[in-house]
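Below is one structure; the comments refer to it alone.
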Amino acid sequence: MPAKVFISCGQASPVEKQVADTLAKWFSSKGFSPYIAIQVQSILDLNAGIIGNLKTSDYYLFVNFRREHLNRFPRGEWRGSLFTNQELAIAYALGFEHMLMINQIGVRREGVFKFMVSNVPEFATPNDVLSRVQSAVQTAGWDPSYTRQLDVAGHYFTPKPFQYKDHTGSRSVRVLHLRVQNSRTDIGAVGTIARLFSITDQSGNQIDSPDRSQLKASGDAAAYSQTIWPNSEETFDLLAIDMENQNHVYLHSMSDVHPRQPIISQCGIWLLDYEIFSQGFPRLAIRVKLHLTGDHTATTANVGKL
């Protein structure tokens, strides 16, 4: 998915709304996914809309338009947009690495903005905003492929079957692995866990996963969580095909039910929805489209984010 840009831009007038729309269209044309913050009326809207979208954004753009004139300052100064300055404070608290801040000439720097460094030249009129942003984005090297979230780095079946053993028993299996990437440079994804939360059969019937316990961290016989260090990736066991009965699919999970029961026992096309959690990161949801043929060499899996 393209990098998401949170556009914090005042929209108190038709002109300001036009600036926000123009910025969004330009970011889209460059391969980004823009989100324009709109003013909310309740704390529920704030949590679900503003904070939720800030958490899932990769870049943050702050455009500070003039508001009321401050008569007590002889040089002629204006207050900035209260709403966008509140968003800036939240973005700062969420630890954004990539932020661009652009201020209208004469707007007094207050709050968090007062203590932040911005090298983007101020703008005189709303017509100047787009060119300032275009130049700043180019200088900062914003990349549409970047993400500050956990992301899918790839998936693969083990090349050959092998003997797997855990607390519930032993069987010969071929495992589908998921590689999870942490592209942040400042923090590790501590306590990362994965689980299967639903299964959809070939008739479109969706059921809760019969086993929602934590899935195994690949390569460690006793681990069901792991730390993904900055600019690193780690792997989880998504599912395992039984070599003795190749239309049976199992999970390598913390569940201590013995003997372990298959989650799938019939050939066909199945949709398996997983979620990955880690401290300080939004939930990562993925879907595996599994074409189970009864022959492990012909069985295929496609993985995508939800």
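In terms of the working numbering, the sequence shown has 43 at position 36, counting the first letter as 1, and numbering is strictly consecutive.
No residue lacks a Cβ here, since even glycine has one placed at the ideal position from N, Cα and C.
Quick caveat: nothing in here was measured; it's all calculated off a predicted structure.
- Fewer than three beta-carbon pairs drawn from the region 128–146 and the region 155–164 are found closer than 8 Å, and the two stretches are therefore not classed as touching.
- Checking the DSSP bridge columns, you'll see Glu282 partnered with Arg202 and Ala292.
- Excluding five sequence positions before and after Lys24, the CB atoms of its chain that fall closer than 7 Å to its own CB belong to Gln18, given in chain order.
- In the three-state reduction of the DSSP assignment, Gln145 falls in the helix class.
- Taking the Cα positions, Gln221 is about 40 Å away from Thr91.
- Taking C-beta atoms under 8 Å as the contact rule, Ile206 and Ser216 qualify, at a distance of about 6 Å.
- Phe120 carries a helical assignment under DSSP once its states are collapsed to helix, strand and coil.
- Every unbroken stretch of the beta strand (DSSP E) spanning 3 or more residues and falling wholly within the region 87–117 is given here in chain order: 106–110.
- Looking only at Ala98, Asn252, Arg294 and Gly87, the smallest Cα-Cα distance to Cys274 is reached by Asn252.
- Under the Cβ criterion (8 Å, minimum of three pairs), the region 260–268 does not count as touching the region 184–201.
- Put simply, the region 180–195 touches the region 282–299. At least three CB pairs are less than 8 Å apart.
- A direct Cα-Cα distance of roughly 25 Å separates Arg181 from Thr234.
- Exclusion of the five residues before and after His105 leaves Tyr66 as the residues of its chain whose Cβ lies within less than 6 Å of its Cβ.
- Between the C-alpha atoms of Pro21 and Leu61 there is a straight-line separation of about 24 Å.
- Apart from the 5 residues on each side of it in sequence, Phe288 sits with its Cβ closer than 7 Å to the Cβ of Gln156, Leu157 and Ala196 in its chain, given in chain order.
- A direct Cα-to-Cα measurement between Val310 and Phe284 gives close to 17 Å.
- Here the C-alpha atom of Asp193 lies approximately 40 Å from the C-alpha atom of Leu299.
- DSSP lists Leu297 as the bridge partner or partners of Trp277.
- The straight-line gap separating the alpha-carbon atoms of Val26 and Val140 is approximately 11 Å.
- Excluding its 5 nearest sequence neighbours in each direction, Glu240 has C-beta neighbours in its own chain below 8 Å: Ala160, Arg186, Val187, Gln188 and Asn189, listed in chain order.
- Here Pro168 has Ser179, Val180, Arg181, Met250 and His303 as same chain residues with Cβ atoms under 8 Å from its own Cβ, once five neighbours each way along the sequence are excluded.
- The C-beta distance from Ser15 to Leu68 rounds to 7 Å, short enough to meet the 8 Å contact threshold.
- In the three-state reduction of the DSSP assignment, Gly211 falls in the coil class, being assigned neither a helical nor a strand state.
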